[in-house]
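Participant: Each residue of the sequence shown is one higher than the one before, counting from 1 in the UniProt record's numbering.
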Amino acid sequence: MIGVIMRIVSFTLVSWLGPESPFLFVWIFNTLDAILLSWCAILKKDKAYTVLNLFWILVGIVGILRASGLLH
């Protein structure tokens, strides 16, 4: 439940603030919730949700690198 709430908060923040959003923070926060949700999916043996959240971890890593200026 914590991971789901984290995801809702991160998307709400981007929706409300738009371009003024703290994107690095949002990417880090969203990647952490993807890690948490992946772990829960692995424990529940939910393959589809595991793959989905592992994908979001990869997207999050790229987002973090781009938001921090390390990847163009």
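Even for Gly, the Cβ is constructed at its ideal location relative to N, Cα and C.
Which residue wins for smallest C-alpha separation from G69, given the options F23, I42, W16, N53?
Facilitator: Checking every option, the nearest Cα to that of G69 belongs to F23.
Participant: Are the Cβ atoms of S10 and V26 separated by less than 8 Å?
Facilitator: yes
Participant: Between which two residues does the alpha helix (DSSP H) carrying M6 extend?
Facilitator: 2-17
Participant: On the CB-based measure, 16 or more other CB atoms within 10 Å of its CB, does L71 come out buried or exposed?
Facilitator: exposed
Participant: With C-beta atoms as the reference, is M1 less than 8 Å away from D33?
Facilitator: Contact flag unset, no.
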